[in-house]
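Chains as they are written, first to last, in the numbering used here: chain A, -16 to 346; chain B, 948 to 1073. Cβ coordinates follow ideal geometry from the N, Cα and C atoms, glycine included. Let me begin by presenting the structure, written as structure tokens, before commenting on it.
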Amino acid sequence: MLSRRLATQSRGYATKVSAKDFPGKVSTLTIKVNAGSRYATKDGISHLLSRFNFQNTTARSALRLTRESELLGGEFSSTIDRDSIYLSAKFLKEGLPYYVNALSDVLYKTSFKPHEFPEVVLPAAKYDLSKANASPIFKADELLHSLSFRNGLGNPLYYDGVQKISLEEIKEFANKVYTKENIEVIGSGINEADLNKFISESSLAQLPTGSSLSSSSVPKFYQGAESRIRASGESVAAIAVPVKTEEFATFEVFSAYLTSALSDVVVSDAKLNKYSQAGLFTLFVKGDASQVSENIKKVALLLKSGVDISSASGLASTKLALASEASVVPHQVDVSKVKDFKLGKFNYVAIGDINNLPFADEL
Amino acid sequence: MATHTSIVKAGDFILRTPILKSIFVPTAKFFINQAGYRELGLKFDDLIFDETPVTQKALSRLPSKEIYARNFRTLTAAQSAITHHLLPKDQWVKPEEDTPYLLPYLLEIEAELAEREELDNITVSK
Chain A
-16 MLSRRLATQS RGYATKVSAK DFPGKVSTLT IKVNAGSRYA TKDGISHLLS RFNFQNTTAR
44 SALRLTRESE LLGGEFSSTI DRDSIYLSAK FLKEGLPYYV NALSDVLYKT SFKPHEFPEV
104 VLPAAKYDLS KANASPIFKA DELLHSLSFR NGLGNPLYYD GVQKISLEEI KEFANKVYTK
164 ENIEVIGSGI NEADLNKFIS ESSLAQLPTG SSLSSSSVPK FYQGAESRIR ASGESVAAIA
224 VPVKTEEFAT FEVFSAYLTS ALSDVVVSDA KLNKYSQAGL FTLFVKGDAS QVSENIKKVA
284 LLLKSGVDIS SASGLASTKL ALASEASVVP HQVDVSKVKD FKLGKFNYVA IGDINNLPFA
344 DEL
Chain B
948 MATHTSIVKA GDFILRTPIL KSIFVPTAKF FINQAGYREL GLKFDDLIFD ETPVTQKALS
1008 RLPSKEIYAR NFRTLTAAQS AITHHLLPKD QWVKPEEDTP YLLPYLLEIE AELAEREELD
1068 NITVSK
């Protein structure tokens, strides 16, 4: 795709818009809102707001939106991570005006009807939570974030009902985060000039002005904590290290090294979660408790003694290139200078048959 | 079958047309007095047949205060009926209190159903 081009220009309105155009029939339009769980005023409010997206608006009902979009051959999704809520639409190129209009109506005109909350939004949110909690790795991941960052990035990703949230609070949160400065429009397979034209005609141009919530300060890291939870099912032992943005390259290469055949340890998953201003490297060993115990000890021994991971930098750069192709907002990480890795302090979580899982000081 | 939407539509037409209004409004008032539900402490919307999916859904969407008041009125009326008594006159429902608290919800749900029906049977032409 040599004809790809990336351009950003300044406009009359404050919303950041970027679009890549390339030949092909499918376009993707994403609105990234800085309203992920780290910005939540109450635990889980971002998740509920994300589930309120694509419900009834004053312009059209949720059913009509879905059916019309089906007829045009497109689909909507609203996803959430710790940084942002992503509202995306995937559609055939000629549907651009409709989808710009529909997405902006969701931000500006959602009617937040009282009955939708218990009838549609809460069941969907509960489904998300129970689906995620079925995986012990997700539970460990949540716990590790909470141990490593406490507030902000440590907030739970999904609504769990521990803090009660009312419809009014969701509306307030929506008014706070759906502002011109706090959203970013990202298109792929879309002509930027067309996109700008349609946006200026849509209700995105009428969104209230506010301020960007995007945090610029580095969150505080907490290390050396341990947590253990009894649970039935498979056992998980997990290690996490909070990472500064400068060290992203090291941990990218390291996670590539651990998950590839280059290392002789068994890990179920190892990844670097990249957020703005900070990251969290997580490593999971899943399975039967005795097996997990053996493997996590091996991994910890290897890490504490230090490993030469430069052999994995090629693999890591390939993986990163693939990931940034697929992702909405690509991260640039230069992995060429990474040499070796040694584990210092870390956070540790054991979930499952904890009597047979090691403690952090036994690693 | 007549839906609430069609009844409201007919009612609006009657109220818009002076001659019909002059006939129907006094008749309606006479009917309400003869029906006597206000003397048992009921509002008109309490009488709407509720064993239909639409009404059930509307009831589930009522604010908790409204549903409490509705249940209270129903119990009071049942008790009065069993004992063959009317309520004391000061407890009768006054005409201005007889508000259509359930009707907006019924209309909203019927509109949703109609829209679904329309979209289910849509024909696409290019």
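Sequence-distant residues of the same chain with beta carbon closer than 6 Å to residue i, five excluded per side
i        : result
B/Y1048  : D992 and E1013
A/F204   : P225
B/T950   : E1057
A/S(-7)  : Confidence in A/S(-7) is poor, its pLDDT being 39 and thus under 50, which makes the residue's placement unreliable; the coordinate value appears in the next sentence. Result list for A/S(-7): empty, nothing under 6 Å.
A/F329   : I222 and V224
A/M(-16) : Its pLDDT being 36, under 50, A/M(-16) is placed unreliably in this model, and the coordinates cannot settle the point.
A/R211   : A333 and I337
A/P313   : S307
A/E209   : Y331 and A343
A/E167   : K(-1) and K15
A/L241   : V250 and A253
A/D291   : D323
B/A957   : none
A/P191   : T162
B/E986   : L1033 and W1039
A/K325   : G289
A/L178   : A2 and G170
Contact set for residue i: own chain, Cβ-Cβ below 7 Å, skip 5 residues either direction
i       : result
B/Y1052 : A1005, R1008 and L1009
A/G19   : S29, I63, D64, R65, D66, S67 and I68
A/D124  : T265
B/D959  : none
A/R213  : I337
A/V145  : D26
A/V311  : T13, K15, Y69 and I169
A/K73   : V9, T11, G57 and E58
Candidates the options, of which the one nearest residue i by Cα
i       : options                           : result
A/I169  : A/A23, A/S71, A/A45 and A/S276    : A/S71
A/N84   : A/A42, A/L31, A/N116 and A/S61    : A/A42
A/Y22   : A/R47, A/S195 and A/R50           : A/S195
B/E1062 : A/K96, A/F181 and A/R47           : A/R47
A/Q189  : A/G27, A/S87 and A/K76            : A/S87
A/E103  : A/T162, A/K114, A/N36 and A/V311  : Looking at the sequence provided, one finds Val at residue 103 of chain A rather than Glu. With distances taken between Cα atoms, A/V103 lies closest to A/N36.
A/I153  : A/A244, A/E277, A/F95 and A/P106  : A/F95
A/P80   : A/S183, A/L127, A/A45 and A/E167  : A/S183
A/S243  : A/V275, A/K302 and A/S185         : A/K302
A/D252  : A/L105, A/E53, A/V219 and A/Q274  : A/V219
A/G270  : A/V250, A/L286 and A/D111         : A/V250
A/S129  : A/G207, A/K163 and A/E345         : A/G207
A/L105  : A/I148, A/K180 and A/N116         : A/I148
A/N165  : A/L187, A/F181, A/E151 and A/N179 : A/L187
A/Y357  : A/A295, A/P97, A/R34 and A/E77    : No information on residue 357 of chain A is available, as it lies outside the stretch -16 to 346 that chain A covers here.
B/A1025 : B/I970, B/S969, B/P965 and B/G988 : B/G988
A/L346  : A/S259, A/V275, A/K180 and A/S60  : A/V275
B/Y984  : B/I954, B/F971 and B/A1028        : B/A1028
A/L112  : A/P101, A/D143 and A/L126         : A/D143
B/E1065 : A/L55, A/L32, A/S61 and A/R50     : A/R50
B/I1069 : A/S61, A/E53, A/K180 and A/L285   : A/E53
A/E134  : A/T24, A/S60, A/L284 and A/S273   : The question names Glu, yet the displayed sequence has Asn at residue 134 of chain A. It is A/T24.
A/S60   : A/L263, A/S44 and A/Q38           : A/Q38
Cross-strand partners of residue i (DSSP beta bridge)
i      : result
A/F324 : A/V290
A/N330 : A/A223
A/L75  : A/V9
A/F59  : A/A72
A/E209 : A/Y331
A/D252 : A/F267
A/Y258 : A/A261
A/I166 : A/V16
A/T40  : A/T93
A/S171 : A/K3 and A/T11
Proximal residues to residue i (C-beta, below 8 Å), its chain only, five neighbours per side dropped
i       : result
B/D1067 : none
A/A261  : F132, L136, V201, P202, F204, P225, V226, K227 and T228
B/F996  : T1002
Inter-residue CB distance, residue i and residue j (contact presumed, cutoff 8 Å)
i       : j      : result
A/G216  : A/P341 : About 19 Å separates the two Cβ atoms, so there is no contact after all.
A/Y91   : A/G57  : Not a contact, Cβ separation roughly 20 Å.
A/G289  : A/D323 : 6 Å
A/N138  : A/D317 : Wrong, their Cβ atoms sit about 31 Å apart, outside the cutoff.
A/K122  : A/I334 : 6 Å
A/T347  : A/T40  : Shown here, chain A extends from -16 to 346; a query on residue 347 of chain A therefore has no answer.
A/T265  : A/K254 : 6 Å
A/V248  : A/V282 : 5 Å
B/L1054 : B/T952 : 6 Å
A/A239  : A/K320 : So it is not a contact: roughly 15 Å between Cβ atoms.
Proximity test, residue i beta-carbon vs the ligand SAH heavy atom, cut-off 7 Å
i      : result
A/Q260 : Among the ligands in the structure shown, none appear at all, so the ligand SAH cannot be discussed.
Taking one C-beta from the stretch 149 to 167 of chain A and one from the stretch 209 to 226 of chain A each time, how about it: are there three or more such pairs within less than 8 Å?
-> no
For the 8 Å Cβ check, are there 3 or more pairs between the stretch -3 to 10 of chain A and the stretch 170 to 182 of chain A?
-> yes
Indicate whether the contact test is met: 3 or more Cβ pairs, each with one atom in the stretch 969 to 981 of chain B and one in the stretch 1022 to 1032 of chain B, closer than 8 Å.
-> no
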